[in-house]
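The structure appears below as structure tokens.
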Amino acid sequence: MPKWITQVGCPYCGSSCDDIEVLVSDDGKKILETRNACVIGNEIFHHVSSPDRPKKPRMRQPDGNFKEITYDEAVDYTAKTLLKSKKPLIYGFGSTNCEGMSAVARVAEKAGAVLDNCASICHGPSFLAIFDNGYPSCTLGEVKNRADVVLFWGCNPMHAHPRHTSRYSIFPRGFFTTKGQMQRTIICIDPRETDTAKLANIHLMIKQGHDYDLFDAFRTVLRGHDIPAEVAGIKKDQILEAVEKIKKGRFVMIFFGMGCCHTDGRNHNVDIAISLTRDINSHTKASIMAMRGHYNIAGPGQVWSWQFGFPYCLDLSKGTHAHMNPGETSSVDLAMRDEVDCFMNVGTDAGAHFPIDAIKHLKKRPFITVDPNICMASEISDLHIPVRVVGVEEPGIVYRMDNVPIQFKKVVDGPEGVPSDEELFDRIYERMCELTETEPIWLPSREHAKAPTAAEQ
Amino acid sequence: MAEILIKNGFVIDPTRNIDGDVADIAIKDDRIAEQVGSGAKVIDARGKVVMAGGVDVHAHVAGPKVNVGRLMRPEDKLFKSPYAQESYRMESGFSIPSTFKTGYDYARMGYAFVMEAAMPPLHSPHVHEEIHDTPIIDQGALPVFANNWFVLEYLKNQEIENSASYVAWLLAATKGYGIKLVNPGGTAAWAWGLNCLTLNDTVPFFDITPAEIITGLMKTNEYLGLPHSIHIHQNSLGTPGNYGVTLDSLRLAEGMKAKNKFSRDTVMHSTHIQFHSYGGDSWGNFESKAREVMDYVNQQKNITVDLGCVTLDETTTMTADGPFEHHLTRLNHLKWANTDVELETAAGVVPYVYDKDIKVCGIQWAIGLELGLYAKDPMRTFITTDHPNAGPFIRYPRIIKWLMSRDAREETLASFKYSSKVIDATNLHAIETERNLYEIAQMTRAGPAKALGLSHMFGGLAPGMEANVVVYDLNYKDMPSDPEMIERAFSRARWFIKSGDIVVKDGDIASHGNKRTFWVNAKVKENPQVIRDIHEKFLKDYTVGLNNYPVWDSLAPNPYVINIDVEA
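First to last, the protein sequences are chains E and S.
Count along the first sequence starting at 1, add 6, and that's the number in our numbering.
Count along the second sequence starting at 1, add 255, and that's the number in our numbering.
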């Protein structure tokens, strides 16, 4: 009998929904059906059974074609390449578990690598703002249970985080928000009429690139001063109306996305958004949250902060201590300056996301991809090492966009012989130690993730 | 692990009233033994002090707010991180060190056990991930309860039994050690931007007062017979004139009796009492009320306190007292992080510079030390810095120096820009007391171990106890005239043996030891109402599934579980 497994975590977006139900075949190997997942989440669960999925590492041959090799060969090649490199860059981790991030940190320390994650090209500017101004935030349950004024600034969850609005931010009926959407005022700040903007009570169609001006106008009005007749393409009346709603709110929530941190002003936009949040707290209660993209892209920021003190752009090449200086130690900048002599792309697709010039430089030297799937990066790699899919074939801790840790289950067995990220990186590390004739540094409590399987729970 | 003999040291063990006797300490595997064979490894401790491993009753070393501090303060790393020791992990940070540095630093000081002082239950997997990555030291974590919706509702209706069933469930689900209260009711009010500053302020919506929450959780704690008493961060922290609220809260323990099987005879641990011993009604006439608070603590035998001494450093404040951190950021205008946690708690983080040339900081410094010097019972008064709030834990040796040497205190006091104003507002200048090594051992080892219900394992050197033995470069018979030597000796142990492993040699890390996670499993009779409430709240109000909430065993791979059968 096929069996329904409930409260499964979804390895797609930063909403990290953990209420997915998955119908698993009799032999526990195939996913037949899912409930509750959005279209993209659903696709991820079904994709694991795809016959096209690579199950062996593939090495680029002199003739340009891939040839399947063994995992031992792939581990050996990676270990040797990392040891030989002066400044390897290990980048990615939007889509893997914290166990893998912890294991790769040991490899990076040994290799003297630069360790970076997708925030580098995503919410990196937000980190810069947080370094300067802090981060007054909350968990998503607070939004669900309390928020009566919700701002979406430069983000479009209806597309990017499909269930965000129904689970947390617009529709749900919470403890103090029993009327759900009826009780919430939605304010959307976006130059386009997105599907999120269509849901808003107030849509401020801001002139592109003028976010800072508008934030500034909000703060000015909130502090009781006058503003010009029009700011950032928005009429004064509309701004006054929005600020009045904010002041009257009992719990104001600001969600911001790439439209805020990757338009003109970048980190300064986020900085002033945080200042606005601080200001609102003098009138009522307010919180702010970055709409993190992937289900565990908050994870590397957490894991590497507790291990090295920095969330991203970690330069471990000094060997003695960690160093971070975005702009100097950030992936794209390193690549553009052609400083990287070995590139590892893990659990993401730098091939699709990096500027073409950066990729051209990276391609000059060994280029390795660790990812369950075929993607643009894997196809231009010298070596592609497939791993198990976290959240489907591999359990693990993930951090939701609000930094709440969620323990993701495994629902089916992975393909035979395919390791998890953690296992793979531990093997690479052990091989590096063998090659350098050094003792591996394990903490005594080391143990591979032995999370209960869904069946055991 | 095998046999070790630590020979001829000056042994200081308050649990057996041993004060500087020259004796040998034998270790067999992970325990102190009566004797060992001739093949034992011999450590010569002649002319040195031998104590049990240190026990820290209260430090913020693992979990979400600690990590927010690390994440948002790259400046805490710049030129402040030591170089990695060969064959060990990199170390980062000063006031909020990385997990690796946390483990190594505690070990270098000879500490064996550290209690993480506040675990938000929803984030407990995060806390355990960090504990997992903190080498050498044994750790536990105290989940916060005093603003939790379940607890507020049960206590409003005076349902101690239901409260106890819930607490027992949550301790097991989060692998927690005991009951922590932070700003009872005030943090729940903060979810609406409000606070509870006195014991009788009503919590919005829940219609209960901080006094009722404190009393209710004290009863819950003794109903369950947990190893530790309730551990409370009181209301109105850090405000001039708050000592009245402090005394009112302490008085709630009057008449309460400890009921447990762990030889704990106290019912309330009031933490970082320095922040709660303030007089005056503004920062202008701010003054010490250490004597008033400590006089009460001295006569009320069923409470323990820890000091929370200000160390005059640039540090990072962090607490589940959300409204306080908001107050602080408006005071110093530095960056502010906050996390409100659904149904459970909140937390805030703000950097802070305790500048010796600011009068208020000087007074705070003096208050912490006054409390440590006025204490009549060092077994109930523990040295802490509320790490990292009043200063980083690596400053414990400096506090020991100040407590042991009036000269050292006077030298620091004289270096203040406003030393005469600090002297006027405090009593420290007039205090001549100097603590001795025996009392320091009580305040850092035997005392906290007893308050945590771990006196059978930690804090002493009797045969059968855990083999946590530290050798300091101090001559009991010929103490250095330079107080700096005291600080230096306590900063870097000559030897530290943790559960039978030599983890520190000559001040350097020698092994990753054998760290464990301590948690309490209190078995209560099945309570259908509480089970139903839990299911309902997870269905309706939480955003995480009940099934995914309890911390996996794999996150605490070396657990030490204290099982309690609660009599029905």
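Just so it is clear, CB atoms sit at the ideal spot from N, CA and C, and this is done for glycine as well.
Contact with chain S by residue 315 (chain E), beta-carbon distance below 8 Å: Residue numbering aside, residue 315 (chain E) sits at position 309 when the first sequence is read from its first letter. It does: the Cβ of residue 315 (chain E) has a partner Cβ on chain S nearer than 8 Å.
Min CB distance residue 807 (chain S) to chain E below 8 Å: Along the second sequence, one-based indexing puts residue 807 (chain S) at 552. At a cut-off of 8 Å, the C-beta of residue 807 (chain S) has a neighbouring C-beta in chain E.
Chain E contact for residue 646 (chain S) (CB, 8 Å cutoff): As a first step, residue 646 (chain S) must be located in the second sequence, where it is residue number 391. For residue 646 (chain S), the answer is no, since every Cβ of chain E falls outside 8 Å of its Cβ.
Given 8 Å, three or more beta-carbon pairs between the region 385-396 of chain E and the region 365-377 of chain E: yes
Boundaries (first-last residue) of the beta strand (DSSP E) holding residue 381 (chain E): Counting from one through the first sequence, the residue named residue 381 (chain E) turns up at place 375. Run containing residue 381 (chain E): none; DSSP gives neither H nor E here.
Helix, strand or coil at residue 470 (chain E) according to DSSP, with G and I counted as helix: Coverage of chain E is limited to positions 7 through 463, which leaves residue 470 (chain E) absent and any answer about it impossible.
Range covered by the alpha helix (DSSP H) that runs through residue 784 (chain S): For the purposes of this step, residue 784 (chain S) is taken as the residue at position 529 of the second sequence. Residue 784 (chain S) -> alpha helix (DSSP H) spans 783-795.
Integer-rounded CB distance, given that residue 144 (chain E) should sit under 8 Å from residue 594 (chain S): As a working note, residue 594 (chain S) is residue 339 in the second sequence. As a working note, residue 144 (chain E) is residue 138 in the first sequence. 6 Å between Cβ atoms; contact.
Three-state class that DSSP yields for residue 450 (chain S) in the structure shown: Residue 450 (chain S) sits at position 195 when you count from the first residue of the second sequence. Of the three classes helix, strand and coil, the one that applies to residue 450 (chain S) here is coil, per DSSP.
Residue 330 (chain E): contacting residues in chain S (beta-carbon distance under 7 Å): Within the first sequence, residue 330 (chain E) is the residue found at index 324, counting from 1. Correct list: 329.
Alpha helix (DSSP H) segments (min. 4 residues) lying fully within the region 46-130 of chain E: Counting only unbroken stretches of 4 or more residues, the alpha helix (DSSP H) elements lying wholly within the region 46-130 of chain E are 77-90 and 104-117, in sequence order.
Residues near residue 452 (chain E) by beta carbon distance below 6 Å, same chain, minus five either side: Here residue 452 (chain E) is taken as the residue at index 446 of the first sequence, counted from 1. Because residue 452 (chain E) sits at a pLDDT of 46, beneath the cut-off of 50, its placement in the model cannot be relied upon, and the point is left open.
At least 3 beta-carbon pairs within less than 8 Å: the region 164-184 of chain E vs the region 274-286 of chain E: Touching, no, given that fewer than three Cβ pairs across the two stretches are closer than 8 Å.
Coil, strand or helix - residue 653 (chain S) by DSSP: As a first step, residue 653 (chain S) is located in the second sequence; it is residue number 398 there, counting from the start. Helix, per DSSP.
Minimum length 3: unbroken beta strand (DSSP E) runs contained in the region 282-334 of chain S: 286-288, 296-299, 304-307 and 309-314
Nearest candidate by alpha-carbon position, reference residue 780 (chain S), set S:539, S:419 and S:792: Indexing the second sequence from 1 puts residue 780 (chain S) at position 525. Residue S:419 is the option with its Cα nearest to residue 780 (chain S).
Interface positions of the region 67-84 of chain E facing chain S (Cβ-Cβ less than 8 Å), listed along the chain: none
Within 8 Å, strictly: CB atoms of residue 35 (chain E) and residue 419 (chain E): Here the question's residue 35 (chain E) lines up with position 29 in the first sequence. Here the question's residue 419 (chain E) lines up with position 413 in the first sequence. Closer than 8 Å, so yes.
Proximity of residue 528 (chain E) and residue 430 (chain E) at Cβ, strictly below 8 Å: Missing from the structure shown is residue 528 (chain E); chain E here goes from 7 to 463 and no further.
Which residues DSSP lists as bridging residue 486 (chain S), in chain order: By 1-based counting over the second sequence, the position of residue 486 (chain S) is 231. Residue 486 (chain S) pairs with S:435 and S:524.
Cβ-Cβ distance between residue 126 (chain E) and residue 337 (chain E) below 8 Å: In the first sequence, the residue the question calls residue 126 (chain E) occupies position 120. In the first sequence, the residue the question calls residue 337 (chain E) occupies position 331. It is a contact, given that the beta carbons lie within the stated cut-off.
For residue 555 (chain S), three-class secondary structure by DSSP: By 1-based counting over the second sequence, the position of residue 555 (chain S) is 300. In the structure shown, residue 555 (chain S) sits in coil (DSSP, three-state: anything other than H, G, I, E or B).
Residue interval of the alpha helix (DSSP H) (run including residue 273 (chain E)): By 1-based counting over the first sequence, the position of residue 273 (chain E) is 267. Segment 273-286, the alpha helix (DSSP H) holding residue 273 (chain E).
Residues bridged to residue 2 (chain E) (per DSSP): Chain E is shown only over 7 to 463; residue 2 (chain E) falls outside these bounds and no answer can be derived.
Residue 526 (chain S) beta carbon less than 8 Å from that of residue 654 (chain S): Here the question's residue 654 (chain S) lines up with position 399 in the second sequence. Here the question's residue 526 (chain S) lines up with position 271 in the second sequence. Cβ atoms of residue 654 (chain S) and residue 526 (chain S): not closer than 8 Å.
Length of the line joining the Cα atoms of residue 25 (chain E) and residue 268 (chain S): Along the first sequence, read from residue 1 onward, the residue named residue 25 (chain E) stands at position 19. Along the second sequence, read from residue 1 onward, the residue named residue 268 (chain S) stands at position 13. Answer to the nearest angstrom: the Cα atoms are 54 Å apart.
Rounded separation between residue 432 (chain E) and residue 101 (chain E) - CA only: Walking along the first sequence from the start, residue 432 (chain E) turns up at place 426. Walking along the first sequence from the start, residue 101 (chain E) turns up at place 95. Approximately 18 Å between the Cα atoms of the pair.
Length of the line joining the Cα atoms of residue 97 (chain E) and residue 332 (chain S): Counted from its first residue, the first sequence places residue 97 (chain E) at position 91. Counted from its first residue, the second sequence places residue 332 (chain S) at position 77. So the alpha carbons of these two residues sit roughly 22 Å apart.
Whole-angstrom distance between residue 435 (chain E) and residue 352 (chain S), CA atom to CA atom: Start at 1 with the first residue of the second sequence, and residue 352 (chain S) comes out as number 97. Start at 1 with the first residue of the first sequence, and residue 435 (chain E) comes out as number 429. Each residue's Cα considered, the two are about 25 Å apart.
For residue 159 (chain E), three-class secondary structure by DSSP: As a first step, residue 159 (chain E) must be located in the first sequence, where it is residue number 153. Look at residue 159 (chain E) here: in three-state DSSP terms it is strand.
Helix, strand or coil at residue 387 (chain S) [DSSP, three-state]: The count along the second sequence starts at 1 and reaches residue 387 (chain S) at position 132. In the structure shown, residue 387 (chain S) sits in a helix (DSSP, three-state: H, G or I).
Classification of residue 333 (chain E) by the beta-carbon crowding that lies within 10 angstroms, buried from 16 upward: The count along the first sequence starts at 1 and reaches residue 333 (chain E) at position 327. Residue 333 (chain E) comes out exposed.
Cutoff 8 Å: residue 380 (chain S) Cβ touching any chain E Cβ: Start at 1 with the first residue of the second sequence, and residue 380 (chain S) comes out as number 125. Chain E contact via Cβ: present.
Limits of the unbroken beta strand (DSSP E) element including residue 411 (chain E): The residue you call residue 411 (chain E) lines up with position 405 of the first sequence. That run of the beta strand (DSSP E) goes 411-414.
Chain S contact residues for residue 146 (chain E), given Cβ-Cβ distances below 7 Å: Taking the first sequence and counting its residues from 1, the one referred to as residue 146 (chain E) is at position 140. By Cβ distance, chain S contributes 798.
Among S:612, S:630 and S:599, the one whose alpha carbon lies nearest that of residue 410 (chain E): Within the first sequence, the letter at position 404 stands for residue 410 (chain E). Taking only the C-alpha atoms, the option nearest residue 410 (chain E) is S:599.
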